[in-house]
Structures are given as C-alpha cells and as structure tokens.
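Below is one structure, written out as structure tokens, with a few remarks after it.
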Amino acid sequence: MRQRSTHYQRALLLPLTIAIAILMTTVVIAEYFRENQALETERERNVAAVRDAFGLAISRDSDKLGATLKPIIRNAYLRNFFLNGEREGLRNATGELFEVLRRDHGITHFYFIDKNRKMFLRVQRPESFGDQIDRTTLLQAEQSGKVAAGLELGQKGVFTLRVVEPWLDQVGNRIGYIELGMEIDRTLAQLHELTGVDLFLLVDKRFLNRAQWEEGMDMIGHLKDWDLIPDKVVAGRTRNANDVLLAAHPGFQSGGAALEGRYRARSAGRSIEFSSRPLTDASGRTLGLVLMAHDLTAMETRQQRFLAIIIGAALVFGTAVLLITNRALARICAEQNAVAETEEEARQAGT
147 MRQRSTHYQR ALLLPLTIAI AILMTTVVIA EYFRENQALE TERERNVAAV RDAFGLAISR
207 DSDKLGATLK PIIRNAYLRN FFLNGEREGL RNATGELFEV LRRDHGITHF YFIDKNRKMF
267 LRVQRPESFG DQIDRTTLLQ AEQSGKVAAG LELGQKGVFT LRVVEPWLDQ VGNRIGYIEL
327 GMEIDRTLAQ LHELTGVDLF LLVDKRFLNR AQWEEGMDMI GHLKDWDLIP DKVVAGRTRN
387 ANDVLLAAHP GFQSGGAALE GRYRARSAGR SIEFSSRPLT DASGRTLGLV LMAHDLTAME
447 TRQQRFLAII IGAALVFGTA VLLITNRALA RICAEQNAVA ETEEEARQAG T
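Take 147 as the starting number for the sequence shown in my numbering and just add one per residue.
Below you can see the structure in the form of structure tokens.
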C-alpha cells in the first residue's frame with residue numbers, strides 16, 4: 147500500500163511540476179517581451195526628444211541673439227562711427243562689449259556690414275574686412291527688411307548660428323546690417339547636458355575645401371581628420387563624442403547612407419544606439435547629418451536586473467508550490483496508509 151501511495155504521489159507531482167514549469171516560463175517570456183517593448187518605447191521617446199530639443203535649442207539661441215542685437219542696433223554712438231567710416235573707432239567702441247558677449251553668452255561672431263553687403267568690421271578679426279558677403283541669412287534680411295536667423299556653414303567649415311538685422315538711420319533709411327553669431331558647439335554642449343546624448347555634426351566633403359576646413363578647425367581648437375570618414379568630416383561634436391565612439395558605428399568605414407538610420411553597437415563596454423537626422427542650413431539645404439549616440443547601458447542593466455528578479459521569483463514560487471504540494475501529498479498518503487493498516491488489522495482480527 148505504501149508503494150502504491152508513493153506511486154500516486156509521483157503521478158500527481160510530475161504533471162504539476164510540468165504545469166508550473168510551463169506557467170513560469172510563460173510568465174518570464176511575457177515579462178521579457180513586455181520589458182523589451184517598454185525599453186523600445188523609451189528609446190523612441192528619447193530619440194524624438196533629442197530631435198525636438200535640437201530644433202528648440204536653435205530657436206532659443208536665435209531668440210537670445212536677436213534680443214542681444216536690439217540695444218546694439220539702437221546705439222547712436224556706434225551708428226555714427228559706422229556712418230563716418232571710422233572702422234578703428236568702431237572696433238575700439240565694441241571690443242570690450244564683444245568680450246563680455248563671448249564670455250557670458252558664447253557669442254563668437256560680431257559683424258558690421260554695409261548696405262551693399264560688404265564687410266565693414268569683424269570685431270573678432272578686425273584685420274579681415276572688405277569682402278562681399280552672400281550668406282543666406284544676410285540675403286534674407288536684405289530682401290525682407292527684417293531679422294533673419296539660421297544655421298550656416300562658413301567658408302572654413304565652421305557651423306555657426308547667425309542672426310542678422312538691418313541697421314537703419316534716424317529717418318529709417320537702411321545703412322547696413324549687424325550680425326551676431328555663435329558656434330554650434332555651445333548649443334551641442336547644452337543639448338548633451340539636457341539629454342545625455344552625444345552628438346556629431348557630419349558635413350559632406352563636397353561642401354568644403356580641405357585646406358580651409360583644416361584652418362577653421364585649428365582656429366576654433368577642434369580635432370581635424372579629413373580622412374576619418376570617406377565622404378564626411380566631423381564639423382562639431384559634444385565633449386564625449388570621440389573618434390572611438392564614432393568608429394563603433396557599423397557604417398563608419400563606408401560613410402554615405404550607411405551612417406543613416408538606427409544601429410546598435412558596443413563601445414568601451416557600453417551599449418550604444420546610433421540614430422540620425424538631416425543637418426540643414428538656413429536655406430533648407432541638407433549639408434550632412436546629425437549623428438546621435440544614445441548610451442543604453444543603464445537601461446539594459448535595469449532590464450537585465452528586472453528579468454533576473456522575475457526569474458528568481460518564479461523559481462522560488464515554483465519550488466515553494468512543489469514543496470508544499472509534496473508535503474501535503476505525503477501527509478495525505480500517510481493518513482491513507484494509516485487508515486488502510488487499521489482496516490487491515492481489524493479485518494485480520496475479525497477472522
């Protein structure tokens with residue numbers, strides 16, 4: 147009888163064990179896919195947030211430059227120097243102001259341009275003047291008579307956010323233009339602090355002259371490696387966006403369209419997801435792309451930790467159910483054996 151009870155016990159425990167194993171596996175798989183979906187949703191949200199933040203940062207900095215221009219435009223003292231052709235006097239009058247604007251607001255370009263679009267004074271480089279300026283923002287300000295702003299790629303390959311406003315005399319006649327600009331690095335740094343995403347500005351080489359680009363990179367203290375990518379150069383980057391990180395991109399050695407889209411990669415032990423958006427200037431021309439590197443290491447670690455907890459909990463729960471069930475069955479079988487033995491003894495006593 148005891149062997150039969152043990153047989154019944156095993157017969158019940160085996161299918162129960164299989165059922166619990168199937169149930170726990172189903173739960174773990176379901177949680178895995180649910181967590182993956184949550185991770186994907188978070189990644190999509192981060193990508194969209196960075197793209198939106200890039201546009202908002204450009205708009206915000208444009209507004210800041212425009213507001214900074216207003217008191218300069220209204221300054222009669224500066225206007226008189228300009229109208230009298232006193233370049234040296236205008237430089238002396240604006241030199242200290244420019245240093246304050248550079249220090250406090252990251253402004254790197256301060257120009258006075260005559261009404262024929264000839265450069266009258268570059269405050270940051272007073273020795274360079276007299277050249278014809280045909281940039282989009284200046285042309286827009288000339289045609290509209292209003293403030294114009296946008297990202298533009300300079301001759302030396304430096305991406306600059308520029309704001310240009312027509313300059314009028316006391317009776318409303320246009321006498322020229324004043325332009326303020328800031329190199330894109332400051333905006334990129336603010337975006338990195340806000341989102342934690344590393345950014346590369348990649349410009350197609352067909353828009354650049356190598357010698358001028360290398361001179362421009364030296365001028366602003368950037369690394370220069372013309373041959374780093376087959377068809378593009380790095381025109382700007384955030385602090386942690388180094389060449390090692392860029393080289394982790396699967397399309398790094400191919401360039402072109404291989405750099406577009408979304409890719410996963412490993413770099414220095416970190417899990418990185420690359421995504422991109424077109425890099426356009428004030429005229430709407432696509433000059434390259436903004437490559438974004440999202441560090442997913444923390445999110446993936448959190449996912450793995452969560453799944454480990456789920457698996458551990460499932461094992462503990464399943465083991466506990468089996469132990470409790472086994473103990474209950476053992477007690478029932480023992481009681482049945484005791485009843486059977488009592489009945490057997492009674493039957494033998496009756497005979």
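Ideal placement from N, C-alpha and C gives every residue a C-beta, glycine not left out.
Here the structure is a predicted model, which means the values were calculated and not measured.
Requested in this report: Let me know if residue 147 comes out buried or exposed under the rule of 16 or more other beta-carbons within 10 Å of its beta-carbon.
Outcome: Low per-residue confidence applies at residue 147: pLDDT is 48, beneath 50, and the placement is therefore not dependable, though the value from the model is reported in the following sentence. Looking at its Cβ environment, which holds fewer than 16 other Cβ atoms inside 10 Å, residue 147 is exposed.
Query raised in the report: Which residue's Cα is closest to the Cα of residue 205: 262, 192, 328 and 465?
Result: 328
Report task. Could you please give me the residues that DSSP links to residue 380 through a beta bridge? Result -> 348
**Report entry** Cutoff 7 Å; reference residue 351; Cβ partners in own chain excluding five residues on either side
**Finding:** 377, 378 and 379
Query raised in the report: Measuring CA to CA, which of 209, 462 and 277 is closest to residue 307?
Result: 209
Query raised in the report: Among the residues of its own chain, which have a CB less than 7 Å from the CB of residue 356, if the five just before and after it don't count?
Result: 372
Report task. Let me know if residue 192 comes out buried or exposed under the rule of 16 or more other beta-carbons within 10 Å of its beta-carbon. Result -> buried
Requested in this report: May I ask which residues mark the beginning and end of the beta strand (DSSP E) holding residue 313?
Outcome: 305-314
Query raised in the report: Beta-carbon separation of residue 437 and residue 426 under 8 Å?
Result: no
Query - Residue closest to residue 460, alpha-carbon to alpha-carbon, out of 181, 161 and 167 - result: 167
Requested in this report: Report back the beta-carbon spacing between residue 299 and residue 349 to the nearest angstrom; my notes put them in contact at under 8 Å.
Outcome: 7 Å
Query raised in the report: According to DSSP, which residues form a beta bridge with residue 297?
Result: 307
Query raised in the report: What is the rounded straight-line gap between the Cα of residue 224 and the Cα of residue 268?
Result: 14 Å
Query raised in the report: Quick check: the region 169-185 against the region 394-409, are there 3 or more CB pairs under 8 Å?
Result: no
Query - For residue 335, the nearest candidate out of 252, 480, 365 and 278 (CA to CA) - result: 252
Report task. Would you give the residue range spanned by the alpha helix (DSSP H) that residue 236 belongs to? Result -> 233-251
Query raised in the report: Three or more beta-carbon pairs under 8 Å between the region 409-423 and the region 439-454, yes or no?
Result: yes
Report task. Report buried or exposed for residue 161, applying the criterion of at least 16 other Cβ atoms within 10 angstroms of its Cβ. Result -> exposed
Query raised in the report: From residue 236 to residue 216, what does the alpha carbon distance come to, in whole angstroms?
Result: 17 Å
**Report entry** Pick from 220, 382 and 346 that is closest to residue 318, judged by C-alpha positions
**Finding:** 220
Query raised in the report: Just the Cα atoms here: how many angstroms apart are residue 165 and residue 196?
Result: 46 Å
Query raised in the report: residue 258 and residue 324: beta carbons closer than 8 Å?
Result: yes
**Report entry** Span separating the alpha-carbon of residue 422 from that of residue 456
**Finding:** 35 Å
Report task. Compute the Euclidean distance between the alpha carbons of residue 214 and residue 366, then round it to the nearest angstrom. Result -> 23 Å
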